[in-house]
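Residue numbering for the sequence shown follows UniProt numbering, beginning at 1 and increasing consecutively.
Quick notes on the structure that follows.
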Amino acid sequence: MSELDVAPLAELRRRRSAKWRTFPDDVLPLFVAEMDYGLAPPVTAALTEAVRRGDMGYPASTPELGKALAGFAGRQWGWEIDPGRVTAVTDVGVGVVELLRALTRPGDPVVISPPVYSPFFDWVPETRGRIVEVPLTRDDSGYRLDLAALEAAFATHPAAYVLCNPHNPVGRVHTAGELAELVRLARLYRVPVISDEIHAPLTLPGAVFTPLLTVPGAAEVAVSVVSASKAFNLAGLKCAAVVTAGSRMAEVVSRFPADPDDRVGHLGVLASIAAFTEGDAWLADLLSTLAGRRSQLGDLLRDHLPQLSWTPPEATYLAWLDASVLGRDAEPRDHFLTKGRVALEAGTRYGAVGSGYVRLNFATSPEILTDAVTRMAATMP
Ligand SMILES: Cc1ncc(COP(=O)(O)O)c(C=O)c1O
């Protein structure tokens, strides 16, 4: 296993993506979920080859994308996917929105579990649904699904539940037992579950990811949305996939308005196929690199910023930091940006329960991470 390199800061600043173009150069950007590592070599090769050939036309995702994803899911998680039940979509957001459109009518309640990825709060109203919040529950070992509260919500027959598995921003990998209970409830109360599994390949050493569709009985009630984009840093290329395993959910997908796979990025399809078929070795290096940054962050917080508390994430490269020590009136994200020149995400973006928190992206170099925490520590009253 080898540690992935990060280019010097001056070189990173030449990138033109949101991470590097949102703030001035004196700010360290640890906010949006983009990584600072280079691309996996098979992805670079596929994209370079496409440029060399002038291969920039419309996408043709079938059947290669489904086959590549099925191979990856089988090797990584023992998840048997039928490539014929894989539908390419522009991105995970589009996949979830189209599923909500197909599953709900205007005004229907849709359940989500904050603190959760902020666009969940946009996707539901975009399809004219009504958000019902069933927050995660929390104890000393961290956050988990509140299955009792979910049962109470499911008993009111919402039109859908949108699950984040693994869960951004808290980094929780829901256990097979928790997901089995979720599926039992979904079947009992007939609530379709949309499982956003974009962070699944970023499950870190020590945790085991369970694809929702591998849970017995899930095929009838659940649909999964996956992508290579988070783990392989391909968000700008626009390619994700909706996966079903039963006829009822396949029928829901068949009601998508237009041929959704025509709206996918061709380069995204090519890069995703390369990642899924040839990316395992690079991904293993990424996960061990991220595990190193996670433990480095723990050391840095302990030594320099003990006022902030956290539970190290089981997946993702995102740290959910409790900065409520700054006081009720402070917005910690603004505090660290203004006083420390470190850009983080505000916890309130993930729901009101995120008040007092910030989300920090640690997919960077040891040096940048040290600089960021040192800057943050220097701002503490
Ligand atoms: C849980 C979750 N879902 C979806 C996305 C966005 O995916 P996409 O860019 O494919 O819409 C992210 C991005 O970080 C995410 O964390």
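Ideal Cβ positions, reconstructed from N, Cα and C, are used throughout, including at glycine.
Quick caveat, the model's predicted, so the values are computed rather than measured.
How is R359 classed by DSSP in three states: helix, strand or coil?
Residue state, collapsed to three classes: strand.
On the criterion of 16 or more Cβ atoms from any shown chain inside 10 Å, does E367 qualify as buried, or is it exposed?
E367 should be labelled exposed.
Please return the same chain residues whose Cβ sits closer than 6 Å to the Cβ of V124, not counting the five positions on each side in sequence.
Cβ within range, chain order: V110 and I131.
For the alpha helix (DSSP H) that contains R328, what are its first and last residues?
Unbroken run through R328: none, as it is neither H nor E.
Which word fits S254, buried or exposed, when buried means at least 16 other C-beta atoms lie within 10 angstroms of its C-beta?
With fewer than 16 other Cβ atoms within 10 Å, it is exposed.
Only counting the same chain, and skipping five residues up and downstream in sequence, which positions put a Cβ closer than 7 Å to that of R13?
Answer for R13: W20 and D25, listed in chain order.
Leaving out the 5 sequence neighbours to the left and right, which residues in its chain are closer than 8 Å to G141 when beta-carbon positions are compared?
Contrary to the premise, residue 141 reads as Ser rather than Gly in this sequence. Correct list, in chain order: T311.
Does the beta carbon of D91 fall short of 6 Å from some heavy atom of ligand 1?
Checking every heavy atom of ligand 1 against the Cβ of D91, one is found closer than 6 Å.
Is L318 close to ligand 3? I mean its beta-carbon at under 6 Å from any heavy atom of the ligand.
Ligand 3 is not part of this structure, which contains only ligand 1.
Give, in chain order, every unbroken run of the beta strand (DSSP E) that is at least 3 residues long and sits entirely within the segment 105–153.
Within the segment 105–153, the complete beta strand (DSSP E) runs of at least 3 residues are 109–112, 130–133, 137–139 and 142–144.
So, with DSSP's three-state summary, where would you put L212?
Note: L212 maps to helix in three-state DSSP.
Which two residues bound the contiguous alpha helix (DSSP H) that contains T48?
T48 -> alpha helix (DSSP H) spans P41 to R53.
When you compare only the Cα positions, how much space is there between Y161 and V191?
Going by the C-alpha atoms only, they are around 7 Å apart.
Considering Cα atoms alone, identify which of A377, T44 and R172 is closest to R144.
The option with the nearest alpha carbon to R144 is R172.
Hey, how far is the Cα of T156 from the Cα of A284?
Computed Cα separation, rounded: 43 Å.
Less than 6 Å separating the Cβ of C164 from some heavy atom of ligand 1?
Yes - ligand 1 has a heavy atom lying nearer than 6 Å to the Cβ of C164.
Pick from A50, T22, L103 and A18: whose alpha carbon is nearest that of A274?
Closest option to A274, Cα to Cα, is A50.
Just to check, is the beta-carbon of residue 426 closer than 6 Å to a non-hydrogen atom of ligand 1?
Since the first residue of the chain shown is 1 and the last is 381, residue 426 is not available in this structure.
In whole angstroms, give me the CA-to-CA distance for A152 and I112.
Looking at the two C-alpha atoms, the distance is approximately 13 Å.
D299: buried (16+ other C-beta within 10 angstroms of its C-beta) or exposed?
Per the 10 Å Cβ criterion, exposed.
For ligand 1, is there any heavy atom lying closer than 6 Å to the beta carbon of D196?
Checking every heavy atom of ligand 1 against the Cβ of D196, one is found closer than 6 Å.
With DSSP collapsed to three states, give me the class of residue 384.
Past the boundaries of the shown model lies residue 384; the chain is included only from 1 to 381, so the question cannot be answered.
If you count every other CB in all the chains shown that lies within 10 Å of the CB of D82, and 16 or more means buried, which is it?
That one is exposed.
Quick one: residues in its chain with C-beta nearer than 8 Å to the C-beta of G78, no 5 flanking neighbours on either side, listed in chain order?
Here the set comprises T214.
Heavy atom of ligand 1 less than 6 Å from the Cβ of N168, yes or no?
N168: yes, Cβ under 6 Å from ligand 1.
Is the beta carbon of T104 sitting closer than 7 Å to the one on A149?
Cβ atoms of T104 and A149: not closer than 7 Å.
Nearest CA to the CA of L286: which residue from A343, F23 and A40?
Comparing Cα-Cα distances from L286 to each of A343, F23 and A40, the minimum goes to A40.
Below 8 Å CB to CB, which residues in the same chain sit around Y117 once its five sequence neighbours on both sides are set aside?
Around Y117: C164, N168, P169, D196 and Y350.
Here's the rule: buried if 16 or more other CB atoms are within 10 angstroms of the residue's CB, otherwise exposed. What is T364?
Answer is buried; the Cβ neighbour count reaches 16.
Less than 6 Å between C-beta atoms, sequence neighbours within five positions excluded: which residues of the same chain meet that for R128?
So the list reads P106, once near-sequence residues are dropped.
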